[in-house]
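**Q** Just passing along the structure, written as structure tokens.
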Amino acid sequence: MLYVGSLTERRGILVMLEALRLLRKSFDVRLMIAGGFYDDNLEQKCHTFDREHDLQVEWLGWVDHRELAGVVSQASLGLSLLQPTERYLKGLPTKIFEYLIMGLPVLSARGPLLDRLIALSAAGLSIESTSPATVAAGMRELLSRDDLATMASKGQHIARKLFTWDARQGKLPELYARLLQSS
545 MLYVGSLTER
555 RGILVMLEAL
565 RLLRKSFDVR
575 LMIAGGFYDD
585 NLEQKCHTFD
595 REHDLQVEWL
605 GWVDHRELAG
615 VVSQASLGLS
625 LLQPTERYLK
635 GLPTKIFEYL
645 IMGLPVLSAR
655 GPLLDRLIAL
665 SAAGLSIEST
675 SPATVAAGMR
685 ELLSRDDLAT
695 MASKGQHIAR
705 KLFTWDARQG
715 KLPELYARLL
725 QSS
């Protein structure tokens, strides 16, 4: 599994590690984390938790975007476990699109837009991200699927078809025209 991005409580790092602890009791899985902390205390807490529970997290630090595809190719599932704050509930994290475009199925936090995106892509699962047990169950469910590669392919196809610059640029003149009419 892979998480890419900033490591904060609001972005789900503590829930992610506890879910991994629960999952590793019955499932052989590893987690790579490409990103960094902004809080030294949280970083120490997470590394201590990793060591105490022998999670064997692969802490990669920040990875250059040119090297990210190589990291993604080693993973079978991308994680985005934002905690339900107003800001996160109203948005779509870039990492979801990045995971999909690189052919990685997604385990995502729930939210109105996230639920729709995950359903549209047919490339993952959206779950209640505050519960480590629920997150661990979602991880297990996806990693156990025989059609995970097919899910990844579907997600990549949808992302390329709908969410790339080439796919969206034709919509800009229409958007500009509507904005100019309303002003």
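Numbering (our numbering), first residue to last: 545 to 727. Here a beta-carbon is modelled for each residue, glycine too, at the ideal position from N, C-alpha and C.
In the DSSP assignment, find the unbroken beta strand (DSSP E) run with residue 601 in it and report its ends.
**A** Within the sequence shown, residue 601 is the residue found at index 57, counting from 1. First-last for residue 601: undefined, no H or E at that position.
**Q** Taking DSSP as the reference, what is the three-state secondary structure of residue 643?
**A** Taking the sequence shown and counting its residues from 1, one reaches residue 643 at position 99. In the structure shown, residue 643 sits in a helix (DSSP, three-state: H, G or I).
**Q** With a 10 Å radius around its C-beta and 16 neighbouring C-beta atoms as the bar for buried, classify residue 554 as buried or exposed.
**A** To locate residue 554, count along the sequence shown from 1; it is residue 10. When all chains shown are included, residue 554 counts as exposed.
**Q** Could you tell me the boundaries of the beta strand (DSSP E) in which residue 582 lies?
**A** Position 38 of the sequence shown, counted from the start, is the residue given in the question as residue 582. Per DSSP, residue 582 belongs to no beta strand (DSSP E) and is neither H nor E.
**Q** If I'm right that residue 695 touches residue 689 with Cβ under 8 Å, what's the distance once you round it to whole angstroms?
**A** On the sequence shown, residue 695 is found 151 positions in, with the first residue counted as 1. On the sequence shown, residue 689 is found 145 positions in, with the first residue counted as 1. The Cβ separation is near 7 Å, so the contact holds.
**Q** Enumerate, from N- to C-terminal direction, the unbroken alpha helix (DSSP H) stretches of 4 or more residues contained entirely within the region 656-715.
**A** DSSP runs (the alpha helix (DSSP H)) wholly in the region 656-715: 656-665, 676-687, 692-706, 709-712.
**Q** By the 10 Å Cβ neighbour count, where 16 or more other Cβ atoms means buried, how is residue 546 classified, buried or exposed?
**A** Position 2 of the sequence shown, counted from the start, is the residue given in the question as residue 546. That one is buried.
**Q** Within the same chain, show all residues whose beta-carbon is closer than 8 Å to that of residue 573, passing over the 5 residues directly before and after it, in chain order.
**A** Translated into positions along the sequence shown, residue 573 becomes position 29. Here the set comprises 545, 564, 567, 683, 687.
**Q** By the 10 Å Cβ neighbour count, where 16 or more other Cβ atoms means buried, how is residue 685 classified, buried or exposed?
**A** Taking the sequence shown and counting its residues from 1, the one referred to as residue 685 is at position 141. Exposed.
**Q** Using beta-carbon positions only, say whether residue 650 and residue 614 come within less than 7 Å of one another.
**A** Here the question's residue 650 lines up with position 106 in the sequence shown. Here the question's residue 614 lines up with position 70 in the sequence shown. Not a contact, by the Cβ cut-off of 7 Å.
**Q** Residue 560 bridges to which residues according to DSSP?
**A** Position 16 of the sequence shown, counted from the start, is the residue given in the question as residue 560. Answer is none; residue 560 lacks a bridge partner.
**Q** Residue 616 lies in the alpha helix (DSSP H); which residues open and close that run?
**A** As a working note, residue 616 is residue 72 in the sequence shown. Here the alpha helix (DSSP H) through residue 616 covers 612-616.
**Q** Taking only the alpha-carbon atoms, compute the straight-line gap between residue 638 and residue 644 and give it to the nearest angstrom.
**A** Sequence index remark: in the sequence shown, residue 638 carries index 94 (1-based). Sequence index remark: in the sequence shown, residue 644 carries index 100 (1-based). C-alpha separation (whole angstroms): 10 Å.
**Q** Mark residue 598 as exposed unless 16 or more other C-beta atoms lie within 10 angstroms of its C-beta, in which case mark it buried.
**A** Taking the first residue of the sequence shown as position 1, residue 598 is located at position 54. With fewer than 16 Cβ atoms within 10 Å of its Cβ, residue 598 is classed as exposed.
**Q** Which word fits residue 582, buried or exposed, when buried means at least 16 other C-beta atoms lie within 10 angstroms of its C-beta?
**A** The residue labelled residue 582 in the question sits at position 38 within the sequence shown. Exposed: under 16 other Cβ atoms inside 10 Å.
**Q** Would residue 675 and residue 659 be called neighbours here (beta carbons separated by less than 7 Å)?
**A** Translated into positions along the sequence shown, residue 675 becomes position 131. Translated into positions along the sequence shown, residue 659 becomes position 115. Taking 7 Å as the Cβ cut-off, residue 675 and residue 659 do not qualify as a contacting pair.
**Q** With distance defined between alpha-carbon atoms, name the residue in 586, 642, 588 nearest to residue 612.
**A** Residue 612 sits at position 68 when you count from the first residue of the sequence shown. With distances taken between Cα atoms, residue 612 lies closest to 642.
**Q** Among 648, 556, 584, 601, which one has its Cα closest to the Cα of residue 625?
**A** Position 81 of the sequence shown holds residue 625. Nearest of 648, 556, 584, 601 to residue 625, Cα basis: 556.
**Q** Quick one: using the 10 Å Cβ neighbour count with 16 as the cut-off for buried, is residue 657 buried or exposed?
**A** Start at 1 with the first residue of the sequence shown, and residue 657 comes out as number 113. Burial call: exposed.
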